[in-house]
Every structure is written in C-alpha cells, then in structure tokens.
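Read the structure below first, then the notes.
Residue numbers (the numbering used here), protein chains in the order written: chain A, 1 to 210; chain B, 211 to 417; chain C, 418 to 698.
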C-alpha cells in the first residue's frame, strides 16, 4: 500500500504527459499546463529538504564542538548572510537580483570569485594529468592523442600561424568523425533514457520511492 | 572617498582574498582554503532558500492565490499540498508521505523524458544520418554512427564482422574523445584566464 | 652523462613535483596577458551562422535569452552573452531574459542591464527580465503554449501584461530565436522541447567542454548557430567589432596549449626512455 499509491500517481502523471504530447489541444493541453506549473512549484520546494539536511548536520557539529566545528560555524554564518541580504533586496528593491540589492554585492564579491576559482584550479590539474597520465600505449591512445593535439592547435591563433591547415583539420574532425561517434553514443544513451522513463512510469523502476 | 567607493574597493579586495584562498590549495590543503570552501557552501545554500522563497513559492503560490479567482485559485491547493508532502522528508517518522510528491515529479519528468528523447533526439538524429552518399564526409558520418552503435552492442560477442565493426567504432570513439579532451583543456584554461584577468585588471590594476 | 646519472634524471622527470607544472602554467598564462598580446581569429562556420541569423532578424523582432550557466563558466559564456545582447540591441531587436539555473541569473541580469544602458534601451519597452522558475523541462514546455502561465510577473513582480513589450509575445511562435547560454545539459531540454515540439530557432552558446556535443544538432539543423568556449566569444567579438575578454584570452590560450602539448610530449619521451632502461636492465 505504501508503494502502490506513489506508483499509481507516477503512472497516471507519466501517461497523461505522454498523451498530451499527441493531443495538445484543450482540454488536455490546459490540464497539462497546470501540471507543468505544479511540477515547477514542487521541484523548487524540494530544494529546502537539501538545505535542511546541510544545516542540521552543521548545527549538530557546532553544538557538540566536533572537530572542524569552526568551519561549520563559518558555513552557517555565510548561509545567514546570503539569506538576510536576499530578503533585504526583495523588501527594498522588489527582487534580490536588483543591481543595487545587497544580495548582488554578496553575489558579485563572494559567490562569483569562490565559484569561479573552484573551477579555475582544474586547469592546473589537467596540465599535471596530461604530463603524468597521457601515455601512447597503443593505437587507440595514439588516435586520442593525435585528435587532441590537432584540435588544440586548430582552435588557437598560434596553430594557424604554425600551419594554416590546422584550423581546417580541426573543423573537419569536429564536423565529421566526431559527429559520427557522438551521434552513435547519443542515440544509444537516449534510447536508454527513454527505456528508463518507461520503466519508471510502469512501476518497474522503484528505487526513487525506497 | 564616499561609502559607495569604499564598498566597491572592499568588495574587490574581498573577492581577491577568496580567489587567492582557493588558489592556495594548489600549494597544499590549508585552513584558509577550508574556510573559503565552507563559506561558499553556506552562501550557495542560502541562495537556494532565496530562490525557493522569491522565485517559486511567492510568485507561483502566494501571489497567484491573491490574483486568481475561482477554480484557478483553489486548484493551487494541490501543488501546495504536494509541496508540504515533500517537506515531510525532513521528519523521519512521517517521511514516507513525501513519496507521493516524489512520485508526481518523477512521473511528469519520465513522461516528458519519453517524448523528448524519442521525438526531440532519436528521430531527428536518425533522420539527419540519412545523408546522400555523394561525398566522402557523408559516408564517414554514416559509417561512424553505425560502427559506434555496433561497439555498444554487447548482446553478441565482438567477433567476425561485428568485431571488425566494433574495433572501427573504437577508433571513431578515440577521435571523438581526443577532440573532447582538446576542448576540455581549452575550457579549463579559459577559467584560469578569467580569474587571472580579475586579479591583474580589477584588483591590481596592472592591465 | 653516465647511465646512473641519466636514470636519476629520468626518475626526477617522471616524479616531478606537480607544483612546478602549476607554476609553469601560471607563468605561461600571465606573461601574454601582462604584455597585452592579442591575436586575430578566423571565423568558424558555426559562429558565422549564429551571427547571420541574428543579423537577419528585423528591427522589432524579439529574442529570448536563457541564462543556464553560473560563475563556474563565466569567463567563457559572459563574453558571449554580452556580444549577442550587443548585436540584438544594435539591430533594435527586443530581448526577453530568463534562465534555468538560479545561481546564474544575477550574471544574466548584470549583462542585460549593462548592455541595455550602453545602447540607451528602456526596461519594459526594449527588454524584460522574467527571472527564474524551477523545473527546467516543465518551464520550457509550458512557455511553448503561453509564457504567462509560468511567468505571470517579471523578476520584480510587475505583471507581464503591464509591460508594453510583452503585448504580442505569448510563446516561441512570437520569438525570432532563443539564445541558450549554458554550461550543462539544459540545451538538450531546449532542443527536445522548444525546438522539436514547437519549432523554436535555437542558438546555443556553451563552454568548450560542452560544445563538441552540439555539433550533431547543428548538422541535423536543430540549431541555427553554435558558439563554443572563449574562442566562440572571440569570433563573435570580431564579427561585431567589439573586442573584449574573448579576444584578449586568445594569446594566453595559444601559449598554454603549446605548453600542454610540450608537457604531453615530454611525459611520453620520459615514459619511453624509462621503459627502455627498465627493459635493458
């Protein structure tokens, strides 16, 4: 019973959405619009569950003064800063995203540098990995290396200066063999995605309600 | 210097501090990096709450309730109820009620996924593979798609004709992965260039 | 060099401290930037297609921009969105901004407001910021019938019907194009639902990591243009004659690519020499 109701809901919702693709006019189309709006509302609210879990773990760590509790305190303070400035922005300017909003200040001078630098350091690791791990052991690895080098040279101006054909070769790789291979992967993966979706609708795949 | 000018300069220095704090990880893991990392997680979590409140609940439920009338208003009780069911996930004793809300979202997503995958991806891509055999590039694309698909067919052993096809598929895959690696290098370096530009231009003012 | 010295040198090369590699990369990026070296770029067909499509939109037409990226890919995509917005405003094309990634919306807002101010454009008349709604696929499908079902108000709570620009804009059929600026898989949602279902014309601006995946869609004519990475931004900057971060980045990018190729070659040489030595001993 605990599983039957959710499985019935997911079956009805899934079949309905598929039907409205083939019968998009009123009244099914109108009901579909409502369903999509409800989906957006419920998905948004589900984010609160993730935040609650994060807050609970860190508050417990602070209260019990476990190792690293000072970092947890910094996390909670940062969360409150984000929340308070966002509310201030909404109240004073009608949106946290208004350019004069205090939230935009926090976003521009804290969130942006933190987020972008987290990914910028990957450039160093990719260079180190290229030196240590990129080995030409067999034909497949050689093809991979050759393709990578040709594309890397073709996509930058210095490559054009070294040999004018590098950009032409790079463009050909991207538009011909790469398209063939990626399309094969894509057809396979979307067939899998369609199959998984059908399994969810029919209740064969139930891991999401365990 | 007015307060606005001071806040701008303070903001740039704060951004530079956080940038260098994250970069310090390249030397070794340290207190400053860990602090910056936790601040980032906290700020992002606060951001999620902001957008749930002001871009989801407020405009689509609260404002809509006061602006709509009749059936269009009262039907909003259904997503509000589903949203409350979703929140029961936070309380272990009643968390099983959230299954209904999760099932609703999964059902809708799966329904969209079936039609989107078939009509939006598979059929157009297969159609685009039906190319005239009047150029070598078209032939390579068609062969590439077929041999790549044959490589991922594991229901039969890769022997004989299927084996040759699968091995050719590997070559195509390696060319594609090499191109992807080349583009990935480009992407990662671009991010470093962006951060370096901020440090040299916005913070130090030397370019 | 004796065999023992060679072996030690090879061992050192094989086990080089990665922080030395980090330093090399940092120097190779910084020097061209500090010397302000610039390099022109050739225009690729996919970027030219995007430019030609926007160029063909008559004045008064409207383009929707979807901000599906955040600060993790800002250096690549922010220059692109600035170029496309500039091109639209140069041609008196109206702009409608939304996004499928909440944490990226402020970047889109900043780009829109700064570019609109540059061209003297008026909010509500020449451009509208709809803000963000969760549920990407559902939002994209719903906008195919009626934008107001999902976005009854703009990002500041002003009703859509109160904005003059929105008078005749209800769904994708009233838009000349949708420019999807993304770093993840959301362009696939736009292709599946907006393009395949409603015939929307899509231009995708994405990171260099994601760009290889979209050549298939370009070849299948599911996209009308594609901008990939900082190179794509540099090319568009060249086309609209507005140099920015994209073009500035081409020189450091060039030198780092050469450095990484050199590292790969050096790594393989030391590997082969070590293998040979181990085989001999």
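A virtual CB, placed ideally from N, CA and C, is assigned to each residue, including glycine.
For residue 620 of chain C, the uninterrupted beta strand (DSSP E) run begins and ends at 619-623, by DSSP. DSSP, read as helix, strand or coil, puts residue 631 of chain C in helix.
Around the C-beta of residue 61 of chain A, 16 or more other C-beta atoms lie within 10 Å, and the residue is accordingly described as buried. Taking the Cα of residue 14 of chain A as reference, the smallest distance to any Cα among A:55, A:190, A:203 is reached at A:203. Counting C-beta pairs closer than 8 Å gives fewer than three between the region 433-443 of chain C and the region 154-167 of chain A, which falls short of the contact rule.
Here the region 511-523 of chain C lies against the region 542-550 of chain C, with 3 or more beta-carbon pairs under 8 Å apart. Contact residues of the region 438-451 of chain C toward chain A are 438, 439, 442 (C-beta to C-beta distance below 7 Å). Within the region 30-115 of chain A, the complete alpha helix (DSSP H) runs of at least 4 residues fall at 69-93, 102-106. DSSP places residue 150 of chain A in the helix class (H, G or I) of the three-state scheme. Rounded to whole angstroms, the gap between the alpha carbons of residue 209 of chain A and residue 10 of chain A is 11 Å. Distance check between residue 324 of chain B and each of A:207, A:193, A:122 places A:193 closest, using alpha-carbon atoms only.
Burial of residue 669 of chain C is indicated by the presence of at least 16 other C-beta atoms within 10 angstroms of its C-beta. When secondary structure is reduced to three states using DSSP, residue 513 of chain C falls in the strand class.
Around the beta carbon of residue 219 of chain B, a 10 Å sphere encloses fewer than 16 other beta carbons of the protein chains shown; the residue is thus reported as exposed. Per the coordinates, the alpha-carbon of residue 497 of chain C lies some 11 Å from the alpha-carbon of residue 659 of chain C. Within the same chain, Cβ atoms closer than 8 Å to the Cβ of residue 488 of chain C are found at 520, 521, 524, the five residues on either side in sequence being excluded.
Non-local C-beta neighbours of residue 292 of chain B in its own chain, meaning closer than 8 Å and more than five positions away in sequence, comprise 310, 311, 314, ordered along the chain. Rounded to the nearest whole angstrom, the CA to CA distance from residue 571 of chain C to residue 256 of chain B is 22 Å. Chain A has a Cβ within less than 8 Å of the Cβ of residue 461 of chain C. One Cα belongs to residue 559 of chain C, the other to residue 567 of chain C, and the distance between them is close to 7 Å. Counted as a single uninterrupted DSSP element, the alpha helix (DSSP H) harbouring residue 197 of chain A occupies residues 177-201. Around residue 128 of chain A, the beta-carbon contacts reaching into chain C at under 8 Å are 435, 438, 439. Between residue 631 of chain C and residue 621 of chain C, the beta carbon gap of about 5 Å places them in contact (Cβ cut-off 8 Å).
DSSP places residue 393 of chain B within a helical segment (H, G or I) once states are collapsed to three. Rounded to whole angstroms, the Cβ separation of residue 174 of chain A and residue 389 of chain B is 6 Å, and the two are in contact under 8 Å. For residue 100 of chain A, no Cβ of chain C is located within less than 8 Å of the residue's own Cβ.
A Cβ-Cβ distance of about 5 Å is found for the pair residue 18 of chain A and residue 321 of chain B, placing them in contact under the 8 Å criterion. Annotation: the continuous alpha helix (DSSP H) that includes residue 224 of chain B extends over 213-233. Relative to residue 104 of chain A, the option among A:63, A:122, A:117, A:83 whose CA is nearest is A:83. Within chain A, the residues 183, 186, 187, 190 have their CB atoms less than 9 Å from the CB of residue 335 of chain B, given in chain order. Within the DSSP bridge table, the entry for residue 644 of chain C names C:622 as partners.
In this chain, the alpha helix (DSSP H) harbouring residue 497 of chain C covers 491-507. If you draw a straight line from the Cα of residue 140 of chain A to the Cα of residue 375 of chain B, it is about 15 Å long.
Bounds of any alpha helix (DSSP H) do not take in residue 134 of chain A, whose DSSP letter is neither H nor E. The count of Cβ pairs closer than 8 Å, one atom from the region 682-695 of chain C and one from the region 172-189 of chain A, stays below three, leaving the stretches out of contact.
Straight-line measurement puts the Cα of residue 663 of chain C at about 10 Å from the Cα of residue 455 of chain C.
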